[in-house]
Amino acid sequence: MALNVCVYCGSSDGVPQRYLDLASDTGAAIAARGWGLVSGGGRKSMMGAVAVAARKGGARTVGVIPRSMVEREWADHDSDELLITETMRERKALMEAHADAFLALPGGIGTCEELFEVWTAGSLGLHEKPVVVLDPDGHYTGLLEWVTGLVDKGFASQHSPLTRIAVAATVDEALDACGMSRSPV
Ligand code: AMP
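Here the sequence shown stands for residues -12 to 172, where the numbers follow our numbering.
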């Protein structure tokens, strides 16, 4: 089945080249599977790299960007579909509505905010779409350890929140996890 994968990732100028390469590899791999990309609709940094590579490989790309970010994140006007929202919340809602799976690459607090929203919604059974973290080098180790600790501290009772996400070390593993249907935890 052709999936639309929503990729969350860093948008800062200063990210190391290896993360830009990871974003490009992810976009190319999405295209190679005949899938589509949903992104934050910016042309900057990793966000731009994933979209450019996906399109180069023939993928259809949908970008969703708030009006206030059009200049700041260099709206990706080459997107097959560029949706301009009034708020960040609408952006996330539209990205979610267009996607069959969510994939977080290394990123900053914006990426974490987006990841946590779909992760927690999945934990609550509000959707059943796969949520995947691609972490080839331990960028998220501290965060994932903190989440694991929540069970011991009594802040996550029934299931570890980690059971609701897949953590992958390679692009292929991550996309395989995006393609897996899952039952609610
Ligand atoms: P960062 O990981 O901080 O580089 O941010 C990645 C992306 O998340 C950027 O496109 C930000 O505009 C976006 N972002 C940050 N905060 C929010 C939010 N509250 N809702 C939607 N997108 C956000």
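We treat Cβ as the ideally placed atom computed from N, Cα and C, and that holds for glycine. This structure is a prediction, so every number in the text was calculated from the model and none was measured.
| query | result |
| --- | --- |
| Option in Leu90, His64, Ala88, Ile152 with minimal Cα separation from Thr107 | Ile152 |
| Delimiting residues of the alpha helix (DSSP H) encompassing Leu137 | 128 to 139 |
| Beta-ladder partner(s) of Tyr(-5), from DSSP | Ala91 |
| Straight-line Cα distance separating Gly27 from Gly81 | Checking the sequence, you will find Leu at residue 81 rather than Gly. The straight-line gap from Cα to Cα measures roughly 10 angstroms. |
| Under 7 angstroms between C-beta atoms of Val175 and Thr13 | The chain is shown only over -12 to 172; residue 175 falls outside these bounds and no answer can be derived. |
| Ile71: CB within 6 angstroms of a non-hydrogen atom of ligand 1 | no |
| DSSP three-state assignment for Ser144, whether helix, strand or coil | coil |
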